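Have a look at the structure below before the remarks.
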Amino acid sequence: MEDNNKEEAQLTTAANHRRHGHNRTTRCCWCCFSLIWYLLITIIVLVLLIILVLYILLQPRSFTFHVTQANLTTFNYLNTTTVLHYNLVLNFTVHNPNNKLSIYFDEARGHALYQETEFAAATPLTAPWFSYLLYTKERVPMSVVFSGNKLVALDDDGFEGDNQRGIFGIDVKIYFLIRFRIGDVIGNNLINKSRANCGIKVPFSYNNKKGKMMVFKPTKCEVDF
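Heads up: the sequence shown is residues 3 to 227, going by the numbering used here.
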């Protein structure tokens, strides 16, 4: 009888040890999980704080884009062959309003559309600065030439009406690949895609009713930054 009691006591003690050991293991796993979770939350908060501080210090702003001059010397549409002949020269100004950030343009390409139909593309655009570098508070000119002919399907009546008025509504889209520069440091791994949308009214010929040359009005473009 005593032997049986001793065996039961030993079994109970062993079971208690296993249960306590399991509880300790569970508590250790939970502590490790909690520690990793707290570290992760701390890192995320620190990163967000750093981004917020940098944003406040640098105050990044989009560049502005204006069409200053537009010369449309050829814009003839032969509806018998549906071929559009065109020659369009555009001058722009690009302004960087940032106090601490320069903008590095890796690429700039332009597309011209009439009646929501693309009829010309040009790449790269021409600019006077080296490798398209736009310094802080700098305002520089650039230009693009669309010249050639293309097979397109246009609304004949709409084209003839614009031709009679001597003004064509043309949409110009300029696509950029840019990086930011702080001092001598360029964010090589932070390439941003930007686009300037320019809806312009381009004079084509003399206004016969008024007997004078129609003047292009400088137009500010919408920049998706």
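All C-beta atoms in this analysis are idealised placements derived from N, C-alpha and C, irrespective of residue type, glycine included. Keep in mind it's a predicted model, so treat the numbers as computed, not measured.
Between residue i and residue j, what straight-line distance do the alpha-carbon atoms span, to the nearest angstrom?
{"i": "F178", "j": "N165", "result": "32 Å"}
{"i": "H68", "j": "M144", "result": "10 Å"}
{"i": "A16", "j": "W32", "result": "For A16, the predicted structure reports a pLDDT of 46, less than 50, and the residue's modelled location is therefore unreliable. The matter cannot be settled from this model."}
{"i": "E109", "j": "N100", "result": "20 Å"}
{"i": "Y106", "j": "K195", "result": "12 Å"}
{"i": "N73", "j": "K102", "result": "36 Å"}
{"i": "I45", "j": "I184", "result": "25 Å"}
{"i": "E159", "j": "Y79", "result": "For clarity, residue 159 is Asp in the given sequence; the question names Glu instead. Taking the straight line from one Cα to the other gives about 11 Å."}
{"i": "V85", "j": "G150", "result": "10 Å"}
{"i": "L156", "j": "I52", "result": "53 Å"}
{"i": "D173", "j": "L153", "result": "18 Å"}
{"i": "F35", "j": "Q61", "result": "38 Å"}
{"i": "H87", "j": "R141", "result": "33 Å"}
{"i": "M216", "j": "G112", "result": "25 Å"}
{"i": "T125", "j": "F161", "result": "27 Å"}
{"i": "V49", "j": "A123", "result": "41 Å"}
{"i": "F94", "j": "A114", "result": "14 Å"}
{"i": "F121", "j": "R167", "result": "21 Å"}
{"i": "E118", "j": "N89", "result": "18 Å"}
{"i": "H24", "j": "V47", "result": "Interpretation of H24 is limited by its pLDDT of 47, a score under 50 that renders its predicted location unreliable; the figure taken from the coordinates is listed afterwards. Each residue's alpha carbon lies about 35 Å from the other."}
{"i": "L41", "j": "L54", "result": "20 Å"}
{"i": "N98", "j": "Y116", "result": "29 Å"}
{"i": "F77", "j": "L127", "result": "21 Å"}
Out of the options, which has the shortest C-alpha to C-alpha gap to residue i?
{"i": "T221", "options": "F227, A198 and S104", "result": "A198"}
{"i": "V147", "options": "L51, L92, L37 and C223", "result": "L92"}
{"i": "R181", "options": "R63, F35, I38 and V49", "result": "R63"}
{"i": "T70", "options": "D157, Y137 and C200", "result": "C200"}
{"i": "F218", "options": "F94, Y79 and P205", "result": "P205"}
{"i": "D226", "options": "I176, N151 and H113", "result": "I176"}
{"i": "C294", "options": "V55, F65 and Y40", "result": "Residue 294 is absent from the model: the chain starts at 3 and stops at 227."}
{"i": "I169", "options": "L48, T75 and T82", "result": "T75"}
Does the beta-carbon of residue i, which I'm using as the reference point, lie nearer than 7 Å to any heavy atom of the ligand PLP?
{"i": "L37", "result": "With respect to the ligand PLP, the structure shown offers nothing to examine, as it has no ligands at all."}
Does the beta carbon of residue i sit closer than 8 Å to a beta carbon anywhere in chain D?
{"i": "I202", "result": "Among the chains in the structure shown there is no chain D, since it carries only a single protein chain."}
Just to confirm, is the Cβ distance from residue i to residue j under 8 Å?
{"i": "I96", "j": "L136", "result": "Just to set this straight, residue 96 is Val in the shown sequence, not Ile. In this structure, L136 lies closer than 8 Å to V96 by Cβ."}
{"i": "S104", "j": "T82", "result": "no"}
{"i": "G163", "j": "K203", "result": "no"}
If I follow the unbroken beta strand (DSSP E) through residue i, where does it start and stop?
{"i": "G168", "result": "Per DSSP, G168 belongs to no beta strand (DSSP E) and is neither H nor E."}
{"i": "P220", "result": "Note, P220: premise wrong, no beta strand (DSSP E); not H, not E."}
{"i": "A198", "result": "N194 to P205"}
{"i": "K152", "result": "R141 to L153"}
Entirely within the stretch 60-133 and at least 3 residues each: give me those beta strand (DSSP E) ranges in chain order.
For the stretch 60-133, whole beta strand (DSSP E) runs of length 3 or above, ordered along the chain, are 66-80, 85-97, 104-116 and 119-124.
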